[in-house]
Each structure stands twice: as structure tokens, then as C-alpha cells.
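Taken in sequence, the protein lines are chains A and B.
So the numbering used here is basically just the index in the first sequence, starting at one, shifted up by 171.
So the numbering used here is basically just the index in the second sequence, starting at one, shifted up by 57.
Glycine is no exception: its CB is placed at the ideal position from the N, C-alpha and C atoms.
Note that the coordinates shown come from a computational prediction; the quantities given were computed from them, not determined experimentally.
Quick notes on the structure that follows.
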Amino acid sequence: MATTCAQVEELLPAYEDGDLSVEETRRLERHLQACPPCRQGLADLRSSWERLGAWKDLEPAPAWRQDFWRNLGRDEERRRLGPWRFLRSRHWASAAMAAVLALGFFTGTWWQGAPVQPTGMAASVLISRDLAEIALASAEPQEAESFLLGEVEGPFSPEILDEALSSVQAP
Amino acid sequence: MDEDLELIERFKTGDKTAFDELMQRHYRSVLNLIYRFTGATGQPAEDLAQDVFLRVYRALPRFEARARFFTYLYKVTMNLCLKERARWARHRSRTVSLDGNWEDPVSPGPRAIPDPAGSAQDRFERREVAGEVREAVMELPEEQRAAVILHRFHHLSYEEITEVLGISLPAVKSRLHRAKLALQRRLGEGTRESLEEARQPEAAG
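Structure below.
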């Protein structure tokens with residue numbers, strides 16, 4: 172059976188790995204002998220793999236070890252304070268404002284006598300969104316983000332926060 | 058017993074210096090796995106590497122010596138890279154600026170190793186090649202890129218890559234084969250066109 176250049180090209184990596192059958196190897200080598208471009212292809216396969224070595228390593232930051240032990244200390248402190256720790260930090264302001272907003276929203280809904288069923292979900296999403304916006308606006312970006320993504324526990328379930336985020340991001 | 062496992066045993070008995078030693082053995086390679094897989098450099102890359110070791114620190118008391126430590130470590134790293142990328146993508150859709158380089162395959166990292174001495178022309182050419190290589194690898198589909206980085210830069214065997222990526226041996230081979238072909242086309246000496254021209258439709262039997 173004739174072996175085309177395209178077939179050979181596809182088989183070259185497996186050939187390099189010694190993964191071809193005896194028969195396939197024999198056919199491929201016969202083709203390579205007769206076909207300079209495919210020999211060049213094999214040489215390119217090897218040289219391009221070698222060339223990847225030009226991509227040099229990053230050097231770690233000089234203080235990475237100190238950073239680690241400091242981060243660990245902070246992490247342990249957060250764990251010690253528990254899930255409501257955010258109330259002890261600057262997040263309390265976000266929570267208070269969100270509570271006021273939520274109250275206002277429900278009062279408004281009730282006052283207007285809007286249908287209860289469909290707005291139940293909408294209300295929770297909207298309130299969550301407000302929470303998200305407020306948290307993002309008032310806290311340090313990274314903290315707010317961790318909080319919103321449920322990585323830092325708060326009084327709001329990750330599901331609600333996720334829903335809040337996706338509703339914020341909806342075009 | 059291998060040195061990592063000895064350190065882990067010491068750490069399990071409460072010796073924190075053993076963890077410090079373990080990190081010193083592996084921090085650089087974790088940082089560079091992150092760098093090459095995500096394109097992150099500087100603070101975002103360091104933060105991610107720190108996060109990997111924080112998680113490992115928490116999980117290590119439950120680590121069982123059945124697995125090799127470094128495959129476990131790389132697995133944690135890869136998972137965290139994927140999670141972090143999703144997070145950054147979501148974050149990016151909300152904000153306009155990022156305070157670090159993320160997924161920026163072209164610009165050399167702020168702490169990339171300076172080129173060794175040589176003529177300006179040499180240095181320039183080396184940087185060109187490095188940039189080209191970086192771009193070529195970053196353009197590979199994610200699953201091929203992961204296999205290439207683990208195999209070429211971290212010298213993992215196919216078997217070890219199956220452990221890290223949680224895929225079969227044929228899948229590892231197929232990803233690497235496709236990646237090698239793509240890199241050959243992108244980085245090989247003879248350009249694609251000249252090869253195509255030189256080849257006859259039925260060159261040989």
C-alpha cells in the first residue's frame with residue numbers, strides 16, 4: 172500500500188515515540204528514504220521540540236518563603252474568627268446597607284401589591300445583586316471578590332452570590 | 058523512601074520546617090507550571106503558587122503515600138489554574154483593568170531570567186526565539202498545552218502525565234502527538250509552504 176506524505180506526517184510523532192508496529196515502521200522508513208521533504212518534516216519535528224527550551228523559567232520572588240508563612244498566618248487567623256468574621260471587618264457597612272435596601276425593596280413590593288410568586292425570585296436576585304455591587308464598591312476588590320465567590324464564608328450562600336454575580340454580568 | 062515522602066512524614070508529626078523544605082524543593086516548578094500554562098507572571102503567578110502551597114499545607118496531613126507527591130502537587134496546581142482562570146474571566150467581564158499580566162503570552166515576564174551575556178544581536182535573537190516559542194505553546198489548545206508543558210518543561214513521563222491530568226495513556230499520547238505536529242508547523246525550520254511545494258502528491262511508495 173502506498174504511503175502518502177500526509178499519512179507519514181501524521182505518523183511521525185508516534186514513530187518518534189516508537190509506537191508504530193513493525194510493519195508501519197518499515198513502510199514509513201522506506202518513505203522517508205525516498206522523500207527529502209518528509210525527512211525535513213522529521214527534522215523539524217525534533218528541532219521544534221528542542222526549540223521550546225528557549226522559553227526560560229520565571230525566577231520566584233525573592234521573599235516567596237516569607238510571603239508563604241505570612242499568608243498562612245493570615246489564613247489561620249481567618250479560620251479562627253469563623254464565618255461571621257466579616258461582620259467584624261469593614262464588611263459590616265456593606266451588610267447594613269444591604270439590609271436597608273432589602274427592607275426597602277420588600278416594603279416597596281408589598282406596598283404596590285405586586286404579585287408575590289414571580290417576584291420572590293426576582294427580589295432575591297435583585298437584592299443579591301445589590302449586595303454584590305455594594306460589597307464590590309465598599310470593600311477591597313480582592314476581598315469582595317473572594318466574598319462574592321463564596322471563598323470567604325459570609326451569611327449568604329454561595330449559590331445566591333453566584334446567582335447575583337451572573338445576574339450582574341448578564342449583558 | 059523518597060525524600061518528599063520523608064519530609065511529608067516529618068510534617069505529619071508536626072515539624073513545620075519539613076514543609077518549608079518541601080516547598081523549597083518544588084516552589085519554582087509550581088510557579089513555572091502556572092506561568093507557562095496560564096501566561097500569568099509577577100504577582101498573579103506568585104499568588105497562585107502561594108495558594109497551591111496553602112492548599113497542600115492543609116491537605117497534606119491526609120496525603121497517602123500511594124501517590125507520588127509531585128504528581129499530586131501538579132494536579133492541585135493545574136486544578137487551581139483552571140479555577141483561577143475562570144474566576145479571572147468572570148472578573149474581567151466586570152472590570153476594565155487588571156493589576157497584573159494574565160494570559161499575556163507575548164510580553165516577557167517582569168522576572169523572566171535575564172539573558173546571559175552575549176552580543177546585543179545574540180540577545181535580541183534569543184529573545185525573539187523565546188517569544189516565538191511562548192506564542193506557539195500558548196496558542197495550543199489548553200489540553201494539549203498542559204501535556205506539552207508537563208512533558209517538555211517538567212520532564213514528566215507519559216504515565217506521570219496520566220496521573221496529573223487524570224486522562225488515559227492513549228489520550229496523553231494523542232494530545233502530545235497533535236501538539237508536536239502543531240509546533241512543528243509553527244516552529245520548524247522548513248516552512249510549511251516550502252514543504253508543500255517540495256512534496257509531490259505521491260512522493261514515494
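Exercise for the section: Taking only beta-carbon positions, decide if B:Val-190 is within less than 7 Å of chain A. Expected result: yes
Practice task
Return helix, strand or coil for A:Leu-229, following the three-state DSSP convention.
Solution key: strand
Practice task
Could you say if the segment 74-84 of chain B and the segment 228-239 of chain A meet the contact criterion of at least three C-beta pairs nearer than 8 Å?
Solution key: yes
Problem - Boundaries (first-last residue) of the alpha helix (DSSP H) holding B:Ile-206 - result: Note, B:Ile-206: premise wrong, no alpha helix (DSSP H); not H, not E.
Practice task
Let me know if B:Gln-107 comes out buried or exposed under the rule of 16 or more other beta-carbons within 10 Å of its beta-carbon.
Solution key: buried
Handout entry: Whole-angstrom distance between B:Arg-235 and B:His-208, CA atom to CA atom
Key = 14 Å
Problem - Contact set between B:Gln-201 and chain A, taken where Cβ atoms lie within less than 7 Å - result: Chain A residues near B:Gln-201: none, gap ~12 Å exceeds 7 Å.
Practice task
Could you tell me whether the Cβ of B:Ala-75 comes closer than 7 Å to any Cβ of chain A?
Solution key: no
Handout entry: 6 Å CB neighbourhood of B:Asp-61 in its chain, flanking five on each side removed
Key = Phe-126
Handout entry: Distance, B:Ala-75 Cα to B:Arg-112 Cα
Key = 16 Å
Handout entry: the segment 192-211 of chain B in contact with the segment 91-100 of chain B per 3-pair CB rule at 8 Å
Key = yes
Problem - Pairwise C-alpha distance: B:Ala-102 and B:Ala-146 - result: 15 Å
Handout entry: DSSP state of B:Phe-120 mapped onto helix, strand, coil
Key = coil
Handout entry: A:Gln-204, buried or exposed, once every other Cβ within 10 Å from all chains shown has been counted against 16
Key = exposed
Handout entry: Any C-beta of chain A under 7 Å from that of B:Ala-228
Key = no
Exercise for the section: Check whether the segment 123-140 of chain B touches the segment 212-221 of chain B, counting contact only when three or more Cβ pairs, one atom from each stretch, lie closer than 8 Å. Expected result: yes
Handout entry: Through-space distance from A:Trp-220 to B:Lys-237, alpha-carbon basis
Key = 7 Å
Practice task
Take the Cβ of A:Trp-226 as the centre, count every other Cβ of all protein chains shown within 10 Å, and call the residue buried at 16 or more, exposed below.
Solution key: buried
Exercise for the section: Measure the Cβ-Cβ separation of B:Ala-204 and B:Val-229 and say whether it is below 7 Å. Expected result: yes
Problem - Whether B:Gln-100 touches A:Asp-215 by CB criterion (7 Å) - result: no
Practice task
State yes or no: is the beta carbon of B:Leu-64 nearer than 7 Å to at least one beta carbon in chain A?
Solution key: no
Handout entry: Test: A:Arg-249 CB closer than 7 Å to a CB of chain B
Key = no
Practice task
Grab the span of the alpha helix (DSSP H) containing A:Cys-209 for me, first residue to last.
Solution key: 207-222
Exercise for the section: Starting from B:Pro-227, trace the alpha helix (DSSP H) both ways and give me its first and last residue. Expected result: 226-244
Exercise for the section: Could you tell me whether the Cβ of B:Leu-111 comes closer than 7 Å to any Cβ of chain A? Expected result: yes
Problem - is_contact[B:Asn-136, chain A] using C-beta, thresh 7 Å - result: no
Exercise for the section: Compare the Cα-Cα distances from A:Arg-222 to each of B:Glu-185, B:Ser-214, B:Leu-233, B:Pro-227 and report the closest residue. Expected result: B:Glu-185
Practice task
Identify whether A:Thr-175 lies in helix, strand or coil by the three-state DSSP scheme.
Solution key: coil
Practice task
Compute the Euclidean distance between the alpha carbons of B:Arg-232 and A:Ala-185, then round it to the nearest angstrom.
Solution key: 11 Å
Problem - Nearest residue (CA-CA) to B:Glu-63, options B:Phe-120, B:Thr-98, B:Ser-86 - result: B:Phe-120
Exercise for the section: Quick one: grab the DSSP three-state call for B:Gly-223. Expected result: coil
Practice task
Express the C-alpha separation of B:Lys-140 and A:Ala-346 in angstroms, rounding to a whole number.
Solution key: Examination of residue 346 of chain A is not possible in this model, given that chain A is present from 172 through 342 alone.
Exercise for the section: Note down the Cα distance separating B:Leu-244 from A:Arg-201, rounded to an integer number of angstroms. Expected result: 26 Å
Exercise for the section: Go through its chain and collect everything with a Cβ distance to B:Val-87's Cβ below 6 Å, but skip five positions before and after it. Expected result: Ala-106, Val-109, Thr-134
Problem - A:Leu-319 to B:Arg-142 span [Cα, whole Å] - result: Here the model assigns A:Leu-319 a pLDDT of 46, short of 50, so the residue's position is not dependable and the matter cannot be decided.
Problem - Distance CB(B:Glu-217)-CB(B:Thr-128) smaller than 7 Å - result: yes
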